Amino acid sequence: MPTVPNTTHESSGTSHQPRATNHDSRITNHESRLTESLLSVRGLSKAFGGVHAVQDVSFDLGRGQLLALIGPNGAGKSTCFNMLNGQLQPDAGSIVLEGVDITGRPPREVWQRGVGRTFQITATYGSMTVRENVQMVLLSRARRLFSVWPRASNLYCDEAMNLLSRVGMADQAERPCGLLAYGDVKRVELAMALAHAPKLLLMDEPTAGMAPKERNDLMALTAELTRERNLGVLFTEHSMDVVFTYAQQLLVLSRGLLIAKGSPAEVRDNEEVQRVYLGTGATFRPRAVL
Ligand code: ADP
Ligand code: MG
């Protein structure tokens, strides 16, 4: 089975090398920071009654990496996400973020440690403008960092506008979110996730309900932001076109088990993956919808 590179074990392989000079060790430290795993998941498991939703799942995710978690409906993708973001307690296994064990930590703590997720803009916030929604996250982040609520409501206006420009929504900043087209709401949700300055971003079906062109645009933007901000992104997605165009690495779940992991080419050629997807019409080809 192909494996995802940059596991913690592999990246610790420098320990037997001769001691470096001061100058060299600075470089070595810098390099090891770049290659060390951001997220390291080992033996993650969860059962609901007799259903083994997730069984013994292990993988690593590095900074600047876009990792897709795919698998048929009911494969255990959302259960994985919910354990990673703290909503569900795993039965077994560990989740380590930047060397800190966050297994079973409550969602708020996981969020504070830099695990972001795409918000769903609920009806409650639909009456607020696009800019206000992003500002709200910036304010709560400031509270997280400095333990105070800044008073002025125009605080973080510039920062909110910068983020909105980055996702192509600056021109709609003063519109209420409730009036936006669906694809535009998804861009605002992405800006809100970024406002939290996450290290790891979890996106469970970020493009659900979107037209093919919009899906492609959103994932192209996500891929750019992943590189630009050196984030680790884990996402699920039904469209194989999108997955095989944008993900650098793939994890394939089937009935709770990780049946394959590796590059798009490795996963495409995996017989078990082909068997699982047989008859679903999945083509496993990158095909950007322009
Ligand atoms: P996916 O996101 O890949 O479609 P899920 O993680 O939602 O899959 O579900 C995996 C399995 O776990 C399914 O059989 C589903 O019915 C079951 N499951 C998920 N959540 C619960 C729950 N809260 N209670 C009971 N069974 C659940
Ligand atoms: Mg799901």
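In this note's numbering, the protein residues as written are 4 to 293. Just so you know, even glycine gets a beta-carbon here, dropped at the ideal spot from N, CA and C. If you're wondering where the values come from, they're calculated on a predicted model, not measured in any experiment.
Can you list the residues near ligand 1, meaning Cβ strictly closer than 6 Å to any non-hydrogen atom, in the order they appear in the chain? Going down the chain, each residue whose beta-carbon is closer than 6 Å to a heavy atom of ligand 1 shows up: Phe51, Val54, Ala56, Gly74, Asn76, Gly77, Ala78, Gly79, Lys80, Ser81 and Thr82.
Please return the same chain residues whose Cβ sits closer than 6 Å to the Cβ of leucine 37, not counting the five positions on each side in sequence. In the sequence shown, counting from the first residue as 1, residue 37 sits at position 34. For leucine 37, the predicted structure reports a pLDDT of 45, less than 50, and the residue's modelled location is therefore unreliable. A value from the coordinates is still provided. Hits under 6 Å: none found.
Evaluate the contact criterion for the stretch 210–222 versus the stretch 44–62: three or more CB pairs, one atom per stretch, below 8 Å. no
Complete beta strand (DSSP E) runs within the stretch 78–113 (minimum length 3 residues, chain order): Runs of the beta strand (DSSP E) inside the stretch 78–113: 95–100.
Would you kindly work out how many angstroms separate the C-alpha atoms of serine 97 and asparagine 85, rounded to a whole number? Taking the sequence shown and counting its residues from 1, the one referred to as residue 97 is at position 94. Taking the sequence shown and counting its residues from 1, the one referred to as residue 85 is at position 82. If I take the Cα positions, the gap works out to 14 Å.
Under 6 Å Cβ to Cβ from proline 289, same chain only, skipping five residues before and after it: list those, please. Position 286 of the sequence shown, counted from the start, is the residue given in the question as residue 289. Once the five neighbours on either side are set aside, the close Cβ partners of proline 289 are Phe247 and Thr248.
Best match in Leu224, His199, Leu254 and Pro179 for proximity to arginine 144 [C-alpha to C-alpha]: In the sequence shown, counting from the first residue as 1, residue 144 sits at position 141. Taking only the C-alpha atoms, the option nearest arginine 144 is His199.
Cα-Cα separation between valine 7 and valine 236, rounded to whole angstroms: Here residue 7 corresponds to residue number 4 of the sequence shown, with the count starting at 1. Here residue 236 corresponds to residue number 233 of the sequence shown, with the count starting at 1. Here the model assigns valine 7 a pLDDT of 39, short of 50, so the residue's position is not dependable, and the following value carries that caveat. Rounded to whole angstroms, the separation of the alpha carbons of valine 236 and valine 7 is 14 Å.
Return the chain-ordered list of same chain residues with a C-beta closer than 8 Å to the C-beta of threonine 283, the five sequence neighbours on each side being excluded. As a first step, residue 283 must be located in the sequence shown, where it is residue number 280. Here the set comprises Pro75.
Residue range of the beta strand (DSSP E) that lysine 49 falls in? Working through the sequence shown from its first residue, we reach residue 49 at position 46. Here the beta strand (DSSP E) through lysine 49 covers 40–51.
Skipping 5 residues on each side, what residues in its chain have a beta carbon closer than 8 Å to that of arginine 66? Position 63 of the sequence shown, counted from the first residue, corresponds to residue 66. Excluding sequence neighbours, arginine 66 sits near Leu37, Leu41, Lys202, Asn233, Leu234 and Gly235.
Between alanine 95 and serine 61, how many whole angstroms is the CB-CB distance? I'm expecting something under 8 Å. The residue given as residue 95 occupies position 92 in the sequence shown. The residue given as residue 61 occupies position 58 in the sequence shown. No, alanine 95 and serine 61 are not in contact; Cβ-Cβ is about 11 Å, not under 8 Å.
Does the distance from the C-beta atom of alanine 194 to that of valine 118 stay below 7 Å? What you label residue 194 is simply residue 191 of the sequence shown in a count that begins at 1. What you label residue 118 is simply residue 115 of the sequence shown in a count that begins at 1. Cβ distance not < 7 Å, so alanine 194 and valine 118 don't count as in contact.
Going by DSSP, name the residue or residues bridged to aspartate 307. With the chain represented from 4 up to 293, any question about residue 307 goes unanswered, as that position is not in the structure.
Based on the DSSP output, what are the partners of lysine 264 in its beta bridges? Taking the sequence shown and counting its residues from 1, the one referred to as residue 264 is at position 261. According to DSSP, lysine 264 bridges with Leu254.
Using CA atoms only, rank isn't needed, just tell me which of Glu135, Gly265, Pro110 and Arg120 is closest to threonine 197. As a working mapping, residue 197 is identified with position 194 in the sequence shown. Contrary to the premise, residue 197 reads as leucine rather than threonine in this sequence. Just measuring C-alpha positions, the residue of Glu135, Gly265, Pro110 and Arg120 sitting nearest leucine 197 is Arg120.
Could you give the distance in angstroms between the alpha-carbon of aspartate 187 and the alpha-carbon of methionine 206? Within the sequence shown, residue 187 is the residue found at index 184, counting from 1. Within the sequence shown, residue 206 is the residue found at index 203, counting from 1. Each residue's alpha carbon lies about 16 Å from the other.
Got a sec, what are the start and stop residues for the alpha helix (DSSP H) lysine 186 sits in? The residue given as residue 186 occupies position 183 in the sequence shown. Looking at the sequence itself, residue 186 is glycine, so the reference to lysine does not match. Looking at the DSSP string, the run of the alpha helix (DSSP H) that includes glycine 186 is 185–198.
Since valine 255 and isoleucine 73 are thought to touch, with beta carbons under 8 Å apart, how far apart are those beta carbons, to the nearest angstrom? Looking up residue 255 in the sequence shown gives position 252. Looking up residue 73 in the sequence shown gives position 70. Sure, about 6 Å apart at Cβ, within 8 Å.
Taking the Cβ atom as the reference point for each residue, do threonine 286 and methionine 243 lie within a distance shorter than 7 Å? By one-based count along the sequence shown, residue 286 stands at place 283. By one-based count along the sequence shown, residue 243 stands at place 240. Their beta carbons are under 7 Å apart, which means threonine 286 touches methionine 243 by this criterion.
Host beta strand (DSSP E) of alanine 71 (start-end): The sequence position of residue 71 within the sequence shown is 68, counting from 1. Note, alanine 71: beta strand (DSSP E), 69–73.
Proximal residues to alanine 45 (C-beta, below 7 Å), its chain only, five neighbours per side dropped: Taking the first residue of the sequence shown as 1, we reach residue 45 at position 42. Here residue 45 is arginine; the residue named in the question, alanine, does not match the sequence. So the list reads Ser61, Gly96 and Ser97, once near-sequence residues are dropped.
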